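Data first, discussion second: the structure below is written as structure tokens.
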Amino acid sequence: MASALAVGIHDLSFATTEFVLPHTALAAHNGTDIGKYHLGIGQRSMSVPAADEDIVTLGAAAAAPLIARHGSDAVRTVVFATESSIDQAKAAGVYVHSLLGLPSATRVVELKQACYGATAALQFAIGLVHRDPAQRVLVIASDVSKYDLDSPGEATQGAAAVALLVGADPALVRIEEPSGVFTADVMDFWRPNYREAALVDGQESITAYLQAVEGTWKDYVEQGGRKLDEFAAFCYHQPFTKMAYKAHRHLLNSNGHDTDEARVARDLALTTAYNTVVGNSYTASVYLGLASLLDHADDLSGRAVAFLSYGSGSVAEFFAGTVVPGYRAHLRTQEHREAIDRRETLDYARYRALHRRSFPTDGGDHPTPAQTTGRYRLAALRGHKRIYETR
Ligand code: COA
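The sequence shown lines up with residues 5 to 395 when you count with my numbering.
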């Protein structure tokens, strides 16, 4: 039954890494024509974590501005979505809870289903707010996308965290109730527990993603969702930005529309500005698309925006949001630009050395080199415990 209570994204902030590798440096190393990266996959650079950055430091950096602006009194739940988990038992969000000084009267949990996890977190958060509209839920999507060196996936790495404050009468985007959902057991992308880098069958992942677009849309229509031409823009999960274009053309074509490149560009172009320079941020990617749209579009007040969240393996969801009038006063456009512009450019050799780093597993005391200039850092691994510090 539809509820009259408006629930959705009250605030949104993202953080990314200390370092960036331009695709020109990767292309110079492996002899690839730069057109393949810039045009073929739609990527210009990738965020690279410093030795003392991880999903926890990125997540804390993304969430801190939300707590600074709104306080933590109403936040009784933190849901941390990631597919680059650092521990098989403890939720990464518990470290963030500590770094942000949140009250002990909080529940914290970690969610996983590849790049889809943050959308599950958002939907679960909405359910909690419906149960008690006085509460807000902090959703953090944080990921480091890492593939083997010299593999096809390498050019689609990246890292970022997006924090969403979910609550009643949201200031940014009301999330609507009908959702189209889709699950299929496919092996397009996975990361066994013993591997640091993910395994991916790139062509299979494109095919599985397109099947999920069709499946979610079919279910969305059956659930009584909006018509295609009601949307001002479409935020897709972007493992590489060209994937959003493939997905959107497929959605239009499978609904009987000829490919109209002007329409595709109008529907998508403003959602890709951050992802094209950050790279794949897995769970955060679709919400980085939303941040890009809100930060770059002319006034979207009252307009409907579509979301297609895809997580390999695979689970996907198509849903809609309505942009709240007056939202522009609450955006963090300047901070988001700074997060991207502050990154230090790496040369290929430094990138490769960072990529190869991994912690010894002997339980000894292993301090990390002080590299990040951010507020939160992973200071050491000591007795198998991750030690974080705040500046
Ligand atoms: N100029 C312009 N475009 C070029 C080009 C050039 N010089 N050279 C190649 N291209 C285009 C290709 O035509 C292709 O475009 P198309 O897909 O529209 O046909 C595109 O660049 C990629 O080329 P391709 O040969 O398919 O690249 P690849 O074998 O290196 O694989 C990915 C690309 C994206 C599949 C690979 O990087 C990957 O697997 N990434 C991980 C994806 C992922 O994470 N999936 C899981 C989550 S959804």
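All C-beta atoms in this analysis are idealised placements derived from N, C-alpha and C, irrespective of residue type, glycine included.
The structure presented is a predicted model; accordingly, all values stated were derived computationally and were not measured.
Start and end residues, alpha helix (DSSP H) containing residue i
i           : result
glycine 206 : 206-226
valine 268  : 265-272
alanine 125 : 121-135
DSSP bridge partner residues for residue i (one or two, in chain order)
i                 : result
aspartate 369     : Arg386
threonine 81      : Arg111, Val141
phenylalanine 323 : Ser183, Phe311
threonine 349     : Val24
glycine 105       : Answer is none; glycine 105 lacks a bridge partner.
leucine 168       : Leu16, Val143
isoleucine 391    : Ala384
serine 49         : Pro26
phenylalanine 193 : Val204
Given residue i as reference, the closest of the options once Cα atoms are compared
i            : options                        : result
serine 285   : Tyr314, Asp303, Asp262         : Tyr314
glycine 317  : Thr187, Arg199, Val290         : Thr187
valine 170   : Val60, Gly131, Glu181          : Gly131
proline 26   : Thr349, Asp369, Lys222, Arg360 : Thr349
alanine 19   : Gly162, Gly75, Ala129, Ala138  : Gly162
arginine 336 : Val166, Arg390, Pro243, Asp366 : Val166
alanine 202  : Glu234, Gly157, Arg230         : Gly157
leucine 62   : Asp147, Arg270, His300         : Asp147
glycine 330  : Pro364, Phe235, Asp173, Val190 : Asp173
Closer than 7 Å: residue i CB and nearest the ligand ZN heavy atom
i          : result
serine 209 : In the structure shown, the ligand ZN is absent; the only ligands present are the ligand COA.
Residue i and residue j closer than 8 Å at C-beta
i              : j             : result
glutamine 375  : alanine 54    : yes
glycine 293    : serine 51     : no
histidine 252  : tyrosine 240  : yes
valine 225     : isoleucine 13 : no
glutamine 47   : threonine 245 : yes
glutamine 227  : serine 183    : yes
glycine 306    : valine 290    : no
isoleucine 344 : valine 268    : no
alanine 295    : alanine 308   : no
glutamate 393  : serine 17     : no
alanine 145    : alanine 273   : no
glutamate 57   : leucine 382   : yes
Cβ neighbours of residue i in the same chain (closer than 8 Å, five flanking residues each side left out)
i             : result
glycine 219   : Gly184, Phe186, Ala188, Ala320
asparagine 34 : Asp154
Sequence-distant residues of the same chain with beta carbon closer than 6 Å to residue i, five excluded per side
i             : result
threonine 123 : Ser313, Glu321
aspartate 37  : none
arginine 111  : Thr81
alanine 333   : none
arginine 386  : Asp369
Beta-carbon proximity list for residue i, same chain, < 7 Å, skipping 5 on both sides
i             : result
aspartate 351 : Ala29
arginine 395  : Arg379
Boundaries of the beta strand (DSSP E) in which residue i is found, first to last residue
i           : result
alanine 237 : 235-240
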